[in-house]
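Here the structure comes first, spelled out in structure tokens, and everything after it is commentary.
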Amino acid sequence: MSDALKIAGAVVLPNIGGFVNGIITRKNIQTWYKNLNFPSYRPPNWIFGPVWTSLYSGMGYASYLVWRDGGGFGGKAQLPLIVYGTQLALNWAWTPIFFGQRNIKGGLIDIIALTATSTVCGILFYRVNKVAGLLFAPYIAWLSFATVLNHAMYKLNPDSNAVDAAPAADDDEEKKGQ
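If you're matching positions, the sequence shown starts at 3 in our numbering and goes up one per residue.
Dropping the structure here:
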């Protein structure tokens with residue numbers, strides 16, 4: 003397999019999870035999310051797509067560099083790539099927790115773990131390939147901001163922290179009929 007295909011695979015992989023999560027949770031973004039209280043520093047919704055595409059692409063390329071320079075999935079690349087997979091799973095889990103389950107607190111717990119794991123990943127990547135580690139710096143910075151944002155939303159929306167804060171219309175009608 004050519005290096006170009008390996009790079010493409012590494013870059014596309016994290017983007018696939020982001021794309022699929024976006025499709026699955028789009029409805030809740032357009033309904034539940036827009037009715038939440040936000041801090042004044044929340045970026046406009048249109049910025050998230052380009053930012054995440056850039057960050058996913060950078061982390062994917064970084065994983066390729068570590069894989070290449072660390073001897074594949076064994077040797078000195080093994081632990082960094084395991085941590086990379088762990089942080090990617092935590093990253094992909096945040097969207098279904100926050101948007102899918104409408105669980106701001108659960109999202110906060112996930113993103114705290116994600117930010118810590120990604121920081122460790124960036125350090126481990128840096129030890130194998132300095133460029134790979136540096137490619138994680140914007141991602142870690144964005145995650146740090148996103149953690150602050152998630153925390154602010156948790157504080158600003160105390161009634162929305164249940165798994166499903168808004169009962170379905172059918173549930174209200176059933177309660178009235180009892």
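Even glycine gets a Cβ: it sits at the ideal position worked out from N, Cα and C.
Bear in mind that the values here come from a model prediction, so they are computed numbers and not experimental data.
(message) Just verifying my parser: in three-state terms, what is the DSSP assignment at Asp5?
(response) helix
(request) Within 10 angstroms of the Cβ of Pro82, are there 16 or more other Cβ atoms? Answer buried if so, exposed if not. (result) buried
(request) Rounded to whole angstroms, what's the CA-CA distance from Arg70 to Val22? Just pull it up for me. (result) Each residue's Cα considered, the two are about 27 Å apart.
(request) Using a threshold of 7 Å, state whether the C-beta atoms of Ser65 and Gln89 are closer than that. (result) No, they are not a contact pair.
(request) Take the Cβ of Ile106 as the centre, count every other Cβ of all protein chains shown within 10 Å, and call the residue buried at 16 or more, exposed below. (result) buried
(message) My output table needs one value for Gln32: the three-state DSSP class, helix, strand or coil.
(response) helix
(message) Using only the alpha-carbon positions, how far apart do Thr97 and Thr27 sit?
(response) 7 Å
(message) Can you tell me where the alpha helix (DSSP H) holding Lys78 begins and where it ends?
(response) Here Lys78 belongs to no alpha helix (DSSP H), and DSSP marks it neither H nor E.
(request) Mark Ala6 as exposed unless 16 or more other C-beta atoms lie within 10 angstroms of its C-beta, in which case mark it buried. (result) exposed
(message) On the DSSP letters alone, give me the boundaries of the alpha helix (DSSP H) that Phe127 sits inside.
(response) 106-130
(request) Going by CA-CA distance only, name the one from Tyr128, Arg104, Asn93, Lys132 that's closest to Ile2. (result) Nothing can be reported for residue 2, as the shown portion of the chain is limited to 3 through 180.
(request) Can you have a look at Arg2 and say buried or exposed, based on whether 16 or more other CB atoms are within 10 angstroms of its CB? (result) For residue 2 there is no data in the structure shown, the boundaries of the chain being 3 and 180.
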